[in-house]
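Going by the UniProt record's numbering, the first residue of the sequence shown is number 1, and it counts up by one from there.
Where is the CB? At the ideal position from N, CA and C, for every residue including glycine.
Below is one structure, written out as structure tokens, with a few remarks after it.
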Amino acid sequence: MLERYEIEAFLTLAEELHFGRTAEKLRVTTGRISHVVRRLERRIGAPLFERTSRMVRLTPIGERLAEEMRPLVAGIEDAVRRAVEAGRGLTGELRVAYVGESTAPVLLRAVARFTERHPECEVHVHEAPLATTRSSLVDGTIDVLIASYPFDGMANGPALLHERRLLAVAAGHPLAGAESVSLEVLGDHPVIQYPAVTSAAFKQDRTPDRTPAGRPVSKGPAGGSFSEMLALVALGRGVLPVGEQTRHYHARPDLAYVPIHDAPPIRRGPVWLAGNTTTRVREFVRAAVDANPLEAD
1 MLERYEIEAF LTLAEELHFG RTAEKLRVTT GRISHVVRRL ERRIGAPLFE RTSRMVRLTP
61 IGERLAEEMR PLVAGIEDAV RRAVEAGRGL TGELRVAYVG ESTAPVLLRA VARFTERHPE
121 CEVHVHEAPL ATTRSSLVDG TIDVLIASYP FDGMANGPAL LHERRLLAVA AGHPLAGAES
181 VSLEVLGDHP VIQYPAVTSA AFKQDRTPDR TPAGRPVSKG PAGGSFSEML ALVALGRGVL
241 PVGEQTRHYH ARPDLAYVPI HDAPPIRRGP VWLAGNTTTR VREFVRAAVD ANPLEAD
């Protein structure tokens, strides 16, 4: 068996046909290269190079050895690269999910970019029910979730989507015809609540306990899903701050959506369990940012 440095020296000299350039490229002395070549020739029992004071060229045996050895070395390098990728987690499976139809296009663009870069990693796409988003991340059913911020207790990637906030009201509600409203109106009407399992920081952002001026906000009934929450709005049980995309994905004759002119935008992006920050997860987040350049921070 040839040693790695012997193979490297032989193939480099076969390419350069110059002892000085070969030594410089491999960061050794020309004497070292000469010693390695002589040792190889003794082992093989025939000259591999013809050497004069003015030129170096391969012998027929040396040329054949180089031709046969190059693809073998390339194959070894490819095998090592694949092993490194496997060790970094770029093979196997990745489970990703989205919450709500508005985040699906962002996720699908991210999946396409990730798959293009890492075709050996199989990606499974799911829609996550609102009530199980946190538990799915904790138990590993989902590796990465595209959801709204804030999502407390989890690692969050860059925001990929920004939406204006609207107030969902029943079609017959006094505010239904308004051009816009202030967040202060939340102090005048019951606010439909998210499921109890929803993160506290998220609920405080979407359905706060007090208005910006400090007025208390009356809590309306809670829905088990987003569609159920909108049904409660349509029934006149309360109002609900939502993202602008809700108007497109949940257009209903019994609902009206009124812009909230003084509310910060809703931000959505990747969320994952900090203890599950694998290379697969990091590479997927990077792909999500690269695939959504116009939306990303």
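Element boundaries [alpha helix (DSSP H), containing residue i]
i      : result
Ile167 : Checking the displayed sequence, the identity of residue 167 turns out to be Leu instead of Ile. No alpha helix (DSSP H) contains Leu167, which is instead part of the beta strand (DSSP E) from 165-170.
His126 : Run containing His126: none in the alpha helix (DSSP H); it sits in the beta strand (DSSP E), 121-127.
Pro105 : 104-117
Ser135 : 133-138
Val233 : 226-234
Beta-carbon proximity of residue i to residue j, cut-off 8 Å
i      : j      : result
Pro293 : Val144 : no
Glu163 : His124 : no
Thr59  : Pro47  : yes
Same chain only: Cβ atoms within 6 Å of residue i, ignoring 5 sequence neighbours per side
i      : result
Asp297 : For Asp297, the predicted structure reports a pLDDT of 41, less than 50, and the residue's modelled location is therefore unreliable. A value from the coordinates is still provided. Hits under 6 Å: Pro158, Ala159.
Phe19  : Thr30, Ile33
Arg206 : Pro241
Tyr194 : Lys203
Identity of the residue in the options nearest residue i by Cα
i      : options                        : result
Arg42  : Val73, Arg64, Leu2, Arg54      : Leu2
His173 : Pro119, Phe226, Pro190, Glu184 : Pro190
Cys121 : Ala288, Glu283, Ala291         : Glu283
Ser34  : Ala9, Ala155, Val80            : Ala9
Arg134 : Ala112, Thr278, Pro71, Ala274  : Ala274
Leu13  : Gly75, Leu108, Glu63           : Glu63
Ser136 : Pro253, Pro264, Val197         : Val197
Test: residue i CB closer than 8 Å to a CB of chain B
i      : result
Phe202 : The structure shown contains no chain B; it holds only a single protein chain.
Sequence-distant residues of its chain with Cβ nearer than 7 Å to residue i (five each side left out)
i      : result
Val217 : Leu186, Gly187, Val191, Pro208, Asp209, Arg210, Thr211
Endpoints, the beta strand (DSSP E) within which residue i is located
i      : result
Gly243 : 240-243
Tyr98  : 92-98
Arg268 : 266-272
Ser148 : 144-148
Beta-carbon proximity list for residue i, same chain, < 8 Å, skipping 5 on both sides
i      : result
Leu255 : Ala168, Val169, Ala170, Ala171, Leu230, Val233, Ala234
Glu6   : Val36, Arg39, Leu40
- Item | Contact between the region 254-265 and the region 217-224 (3+ Cβ pairs under 8 Å) | no
- Task: Would you check if there are 3 or more beta carbon pairs closer than 8 Å linking the region 123-138 to the region 99-109?
- Result: yes
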